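Just so we're aligned, residue 187 is where the sequence shown starts under the UniProt record's numbering, counting upward by one. For every residue, glycine included, the Cβ atom is placed at its ideal position computed from N, Cα and C. Everything numeric in this text was worked out from a predicted model, so none of it was measured.
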Amino acid sequence: KRNIAVMTSGGDAPGMNANVRAIVRSAIFRGCKPFAVYEGYSGLVKGGDYIKEMHWEDVRGWLVEGGTLIGTARCKEFTQRPGRLSACKNLIDAGIDALIVCGGDGSLTGADVFRSEWPSLIKELLDNGQITREKYEKHQHLNICGTVGSIDNDMCSTNATIGAYSSLDRICRAIDYIDATANSHSRAFVVEVMGRHCGWLALMSGLATSADYILIPEKPSSSKEWQDQMCEIVSKHRSRGRRKTIVVVAEGAIANDLTPITSKDVKDVLVNRLGLDTRITTLGHVQRGGTAVAYDRMLATLQGVEAVQAVLECTPDTPSPMIGIKENKIVRRPLAEAVKLTKSVAAAIDSRNFKKAMELRDSAFSE
Ligand code: ADP
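Below, the structure is given as structure tokens:
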């Protein structure tokens, strides 16, 4: 029977609470003791009241709540060894031997670093007299498991991340609202959505709202190409009687020569070349807000149950797992590999090597 801690880290995402709820209740159901680490790695480094035992009723109603009720933070201390040493001591003091982290690739990288360093961290605590030999023997290994909370849907080895479908739903609703006013005034709107290295939100929301044009980081194009193509398509739509123009731009959209494609650039083209009355709407944090859609509640719950199962089954020799979903089945993948692939994809996109980026993304699913 284990003492299992759960934390949320990095950018918040709808469905994180549903994930925490499932982990807490699943742990109790299996006879384990669940703990919540508040405020991400920052709570782990601070310890004390930031690490609390959780009970069944503590997570009542959490399935539908947006954001993360146990808080999240970016934590610089945890990226340095002294911070991780103090996190290690705090976990041992609380008697915790397994940690489930719900976060993006940064948070899961941190979790992986922590696990690899664990043997030397406990040795240092023993040598410094900060833990007893008995505790040292008992806490030889820390079980780590990752569940992916990210609105961008930017992690390799999973078809969907917790929060992405809620964010997509929010964007589509916002564009529906914009549609009405755009139609009324016969205006053009440039809608900027989140996604630094992954255009999933822009692409899917554009598709689901019949946007005229979509700009994403993964699409190779010179400045002249996208500008000419957008103008041609928008003019064609207008000539067929369409009164509104919607262009969706991912925040990470970038041209072949590495110049970012900003909403302002897109607006300028629509105004200067087509003479359209154009406004920019940057959706910003609205995309993170609100309750989780049914898909995210389902995904977060199934993944929470699987995460607890994984923690109970993993041995010191098993690579830390990340819980994903592939073709509608919940799957376990090696966490370190998924994070490494995700970072390589981002680097390939940054260097405009799209073929490599797509091959790397696909390789995550080849058996
Ligand atoms: P996300 O998880 O959404 O990608 P970040 O990249 O901001 O968000 O990472 C969240 C936190 O994870 C960081 O503030 C830091 O504490 C921790 N972290 C990220 N990368 C590392 C790393 N290489 N080593 C240790 N901790 C890390």
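Pair within 8 Å by beta-carbon distance, residue i and residue j
i           : j           : result
residue 550 : residue 343 : yes
residue 375 : residue 419 : no
residue 527 : residue 546 : yes
residue 216 : residue 284 : no
residue 229 : residue 202 : no
residue 434 : residue 388 : yes
residue 252 : residue 297 : no
residue 272 : residue 231 : yes
residue 490 : residue 437 : no
residue 445 : residue 407 : no
residue 403 : residue 439 : yes
residue 206 : residue 245 : yes
residue 269 : residue 195 : no
residue 563 : residue 472 : The first residue shown for the chain is 187 and the last is 553, placing residue 563 beyond what the model contains.
residue 200 : residue 476 : yes
residue 466 : residue 488 : no
residue 248 : residue 204 : yes
residue 401 : residue 361 : no
residue 259 : residue 225 : yes
residue 190 : residue 218 : yes
residue 261 : residue 304 : no
Buried versus exposed, by CB contacts within 10 Å (16 or more), residue i
i           : result
residue 496 : buried
residue 349 : buried
residue 307 : buried
residue 452 : buried
residue 295 : buried
residue 266 : exposed
residue 212 : buried
residue 314 : exposed
residue 227 : buried
residue 363 : exposed
residue 254 : buried
residue 235 : exposed
residue 501 : exposed
residue 405 : buried
residue 461 : exposed
residue 396 : exposed
residue 426 : exposed
Close beta carbons around residue i, own chain, < 8 Å, minus the five adjacent residues each side
i           : result
residue 518 : 492, 496, 507, 508, 509 and 510
residue 279 : 233
residue 369 : 429 and 430
Close-in-space but distant-in-sequence residues of the same chain around residue i (CB under 6 Å, 5 per side omitted)
i           : result
residue 233 : 276
residue 524 : 342, 343 and 508
residue 416 : 399
residue 530 : 546
residue 424 : none
residue 464 : 374, 453, 456 and 457
residue 468 : 378
residue 286 : 192, 209, 331 and 493
residue 347 : 334, 336, 339 and 341
residue 239 : 221
residue 372 : 429
Residue i, enclosing beta strand (DSSP E) - first and last residue
i           : result
residue 367 : It is not in any beta strand (DSSP E) - residue 367 instead sits in the alpha helix (DSSP H) that spans 350–371.
residue 194 : 189–194
residue 378 : 374–379
residue 219 : 219–223
residue 508 : 507–512
residue 332 : 329–334
residue 401 : 399–401
Range of the contiguous alpha helix (DSSP H) that encloses residue i
i           : result
residue 393 : 386–394
residue 240 : No alpha helix (DSSP H) holds residue 240; DSSP gives it neither H nor E.
residue 492 : 480–499
residue 431 : Premise fails: residue 431 lies in the beta strand (DSSP E), 431–436, not in any alpha helix (DSSP H).
residue 314 : It is not in any alpha helix (DSSP H) - residue 314 carries neither H nor E in the DSSP assignment.
residue 208 : 202–215
residue 525 : 521–536
residue 417 : 409–425
residue 456 : 449–460
residue 382 : From DSSP, residue 382 is part of no alpha helix (DSSP H); its letter is neither H nor E.
residue 465 : From DSSP, residue 465 is part of no alpha helix (DSSP H) but of the beta strand (DSSP E) over 464–468.
residue 540 : 540–549
residue 251 : Neither: residue 251 is in no alpha helix (DSSP H) and is coded neither H nor E.
residue 228 : 226–232
residue 321 : 319–324
7 Å CB neighbourhood of residue i in its chain, flanking five on each side removed
i           : result
residue 481 : 351
residue 357 : 379, 387, 391, 469 and 473
residue 301 : 328, 330 and 506
Enumerated in chain order, which unbroken segments of the beta strand (DSSP E) with a length of 3 residues or greater are wholly contained in the region 271–302? 284–289
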